[in-house]
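Each residue of the sequence shown is one higher than the last, beginning at 27 in our numbering. Ideal Cβ positions, reconstructed from N, Cα and C, are used throughout, including at glycine. Data first, discussion second: the structure below is written as structure tokens.
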Amino acid sequence: MADDDEWKYSVEDFEDPEESDAGEATDVFGDAQTRREIEPESPSFENALFVVFGVALALLILLGV
């Protein structure tokens, strides 16, 4: 029964020995690119309206009115 306590596969079986931990980050679209800074802008009327609508809807749901 003690032999059954072992895992069938070890972590080393699935690791690629050629890869290092210091590699480049990649995703579905390829290599990670540096991102531009996000510059703040003044809010538009439409965005402000959606925020107010969301707050009002949340209050209606929470207060059960």
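Checklist entry - Just how far apart, CA to CA, sit G90 and A74? => result 24 Å
Checklist entry - Does DSSP put F40 in a helix, a strand or coil? => result coil
Next on the checklist: Quick check on DSSP: helix, strand or coil for F55?
Outcome noted: coil
Next on the checklist: My output table needs one value for E72: the three-state DSSP class, helix, strand or coil.
Outcome noted: helix
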